[in-house]
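First residue of the sequence shown? That's 1 in UniProt numbering, and the numbers climb one at a time after it.
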Amino acid sequence: MNQSEQWSSRIGFILASAGSAIGLGAIWKFPYVAGISGGGAFFFIFLLFTLILGLPLLLAEFAIGRSTQKDAIESYKAIAPNTKWHFVGYLGLVTSFILLSFYSVIGGWIIAYIFRTITGQLNGISAEQYGIVFAETISNPGISISVHFLFMLLTVVVVAKGVQNGIEKANYIMMPALFIIFILLIIRSLTLSHASEGISFLFFPDFSKLNSEAVLAALGQSFFTLSVGASTMVTYSSYVKKSENLPRSALSIVMMNIFVVVLAGLAIFPAVFSFGLQPDAGPVLLFQVLPNVFSHMPFGILFFLAFLVLFLFAALTSSFSMLEIIVAVISKGDKSLRKKWSWIIGFIIFLMGIPSALSYGPWSDITILGKSIFDAADFLVSNMLLPLGALLIAIFVPYKMKKSVLMEEMQHGGGFAKGLFNMWYFALKYIAPIAIIFVLLDVLGVWDL
Ligand code: PFF
């Protein structure tokens, strides 16, 4: 057992896992994917997937990690020795690797915006000018690679120290602060003219807009925002004490995540319609819309700066978990190996992210199956690797772990009523595999034949 790593408190674990979950996925990705995929109908399906698939899967990852107290590879080996199941752990490592390489590019955009705000370059400019400044920033290879580097540097520095020491305390202040600033943003956004159009876009589902791709995107989005499918939550829960109540933790993480998704949607969509911007603008959406909202607030620049810092923090607490799962496997609790490998892996991921960074600039013409390098990497992770990992975990837990062990794991630190346990087990064993396979086959057009 890896004694050197343990969350110091109950709340430490929840905050760290919530920190992994809440990040670019809820704040940046959700609004733009919802914008592309039809708004309300997408939101509805996303919620459904989050509750009936994401939540049970999150709890399944917790059960694997906490029962074995081992890293993402060893935990599978401990439960199913002499089998190939630990490849699910390797799949998680590969997923985290690719994910972090492009995640860091977006993290870098936040850093670039922080610089621009501090140096006063965003003062008093119009909605279109924001768009132009932003496009210039991300298409400039020097800037986008440097800020991507800085984001990876911040990630490495913390993970090299050990995630527990690095983030537990900071999370305490940053998360509530982020909520508060979101509330201010929403108040402003909702009081803009035409705000109601944004509300109907997000909350009134028009199911005729839903197609197979949008359903797959909703599935991927629900796993992405909960950090499910890559075994990161296996790793984080291996550091948690036996006294922790896992079902309660999983539920609070899911609820916080949905809360942030709704906050982000409420902050962004009313403003999109009010400023005459396009909801399907893609990954640039948040960065074009929010500066406009802040510029319509007293002391807007200061609030914007505070928002960016908190947003950066939310992104970093997610990126820590992606690097952590890899470093934990290699260093096996050895502090000096942890340090060395955090730097090495971090540097390789930085190099791997360069093509994604350039895909908004000089390499924008390069496409893979019709997608830019960035979009292709995102599609591979969000819509293929995470659902595949989730599918395998949904099969692994009920088939390879004893029901009695699972029951016991769920009982620590308070009860999990038998009825709820059975519901969870059923969702994992039957609903999750069938639903995931159905959605994947649907996108391949199998049902249309
Ligand atoms: N949940 C993170 C976010 O929404 O930003 C992204 C993420 C982190 C996905 C870790 C998967 C993962 F293993």
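All C-beta atoms in this analysis are idealised placements derived from N, C-alpha and C, irrespective of residue type, glycine included. Predicted model only: the values in this text are computed from it and were never measured.
Exercise. Decide yes or no for the touch test of the region 144-160 against the region 350-366: beta carbon pairs closer than 8 Å, at least 3 of them.
Key: Contact between the region 144-160 and the region 350-366 is present, because at least three Cβ pairs lie under 8 Å.
Quiz item: Going by alpha carbons, who is nearest to LEU24 out of GLY265, ASN82 and LEU185?
Solution: Among GLY265, ASN82 and LEU185, the Cα nearest to that of LEU24 belongs to GLY265.
Self-check item: THR367 - partner residues in DSSP beta bridges
Solution: Answer is SER372.
Practice problem: Would you check whether the ligand PFF has a heavy atom nearer than 7 Å to the C-beta of ASN108? | Solution: Reading off the sequence, residue 108 comes out as Gly, not Asn. No, the beta carbon of GLY108 sits no closer than 7 Å to any heavy atom of the ligand PFF.
Quiz prompt | From LEU58, LEU15, ILE138 and SER104, residue whose alpha carbon lies closest to that of ASP378 | solution = If we check each option's Cα against that of ASP378, SER104 comes out closest.
Exercise. Measure the alpha-carbon distance for PHE201 versus THR191 and round it to whole angstroms.
Key: The alpha-carbon of PHE201 is positioned some 16 Å away from that of THR191.
Quiz prompt | ILE11 beta carbon less than 8 Å from that of PHE260 | solution = The question names Phe, but residue 260 is Val in the sequence shown. It is not a contact, given that the beta carbons lie outside the stated cut-off.
Self-check item: Reference GLU409, options ILE64, ILE114 and PHE311, closest by Cα
Solution: Nearest of ILE64, ILE114 and PHE311 to GLU409, Cα basis: ILE64.
Quiz item: Can you check whether the CB of PRO205 is closer than 8 Å to the CB of residue 473?
Solution: The structure shown does not extend to residue 473, since the chain is modelled only from 1 to 449, so the question has no answer here.
Quiz prompt | Contact between the region 228-240 and the region 316-326 (3+ Cβ pairs under 8 Å) | solution = Yes, they touch.
Quiz item: Which residues in the same chain as SER382 place their Cβ atom closer than 6 Å to its Cβ, once the five residues preceding and following it in sequence are excluded?
Solution: Excluding sequence neighbours, SER382 sits near GLY220 and PHE224.
Self-check item: Selection from PHE299, GLU197 and SER212 that minimises the alpha carbon distance to LEU277
Solution: Comparing C-alpha distances from LEU277 to each of PHE299, GLU197 and SER212 shows the shortest one belongs to GLU197.
Quiz item: Touch check for the region 74-88 and the region 389-405: three-plus C-beta pairs under 8 Å?
Solution: Touching, per the Cβ criterion.
Quiz item: Are the region 108-115 and the region 57-74 touching by the rule of at least three beta carbon pairs closer than 8 Å?
Solution: In the pairwise beta carbon analysis, the region 108-115 is classified as not touching the region 57-74: fewer than three pairs are separated by under 8 Å.
Quiz item: In its own chain, which residues sit with a C-beta less than 6 Å from the C-beta of VAL254, not counting the 5 before and 5 after it?
Solution: Counting only Cβ-Cβ distances below 6 Å, and skipping sequence neighbours, we find LEU55.
Quiz prompt | Contact the region 124-136 vs the region 340-347: 3+ CB pairs below 8 Å | solution = Look at the beta carbons and you see the region 124-136 not touching the region 340-347: under three pairs across the two are nearer than 8 Å.
Quiz item: Taking the alpha-carbon positions, what's the PRO270 to HIS194 distance?
Solution: Between PRO270 and HIS194, the C-alpha separation is close to 7 Å.
Quiz item: Between GLU92 and THR317, is the Cβ-Cβ spacing less than 8 Å?
Solution: In the sequence on display, residue 92 carries Gly and not Glu. No.
Quiz item: Under 8 Å between the Cβ atoms of GLY35 and LEU406?
Solution: No, the pair does not count as a contact, with Cβ atoms beyond the cut-off.
Exercise. State buried or exposed for SER8, treating a residue as buried only when at least 16 other CB atoms are found within 10 Å of its CB.
Key: When all chains shown are included, SER8 counts as exposed.
Practice problem: Please look up how many angstroms separate the CB atoms of THR117 and LEU308, rounded, as I've assumed it's under 8 Å. | Solution: Indeed, because the Cβ distance is near 7 Å, the residues count as touching under 8 Å.
Practice problem: Answer with buried or exposed for ALA16, where buried requires no fewer than 16 other C-beta atoms within 10 angstroms of its C-beta. | Solution: Label assigned to ALA16: buried.
Quiz item: For GLY198, is the beta carbon positioned less than 7 Å from some heavy atom of the ligand PFF?
Solution: GLY198 Cβ: outside cutoff for every heavy atom of the ligand PFF.
Quiz item: Relative to the C-alpha of VAL94, which residue among PRO176, ILE349, ASN422 and ILE180 is closest?
Solution: Among PRO176, ILE349, ASN422 and ILE180, the Cα nearest to that of VAL94 is on ILE349.
Quiz item: Thinking C-beta only, is GLY89 closer than 8 Å to ARG338?
Solution: Not in contact: ARG338 and GLY89 (Cβ atoms no closer than 8 Å).
Quiz prompt | Whole-angstrom distance between PHE203 and PRO387, CA atom to CA atom | solution = Looking at the two C-alpha atoms, the distance is approximately 25 Å.
Practice problem: Under the assumption that GLN288 contacts PHE134 (Cβ atoms under 8 Å), give the Cβ distance between them as a whole number of angstroms. | Solution: Right, the Cβ-Cβ distance comes to about 6 Å (below 8 Å), so this counts as a contact.
Quiz prompt | Closest Cα partner of residue 463 within the set HIS412, ILE181 and TYR425 | solution = An answer regarding residue 463 cannot be provided, because it is not within the stretch 1 to 449 covered by the chain.
Self-check item: Spatial distance of SER96 from ILE181 (CA atoms)
Solution: Straight-line Cα distance between these residues: approximately 30 Å.
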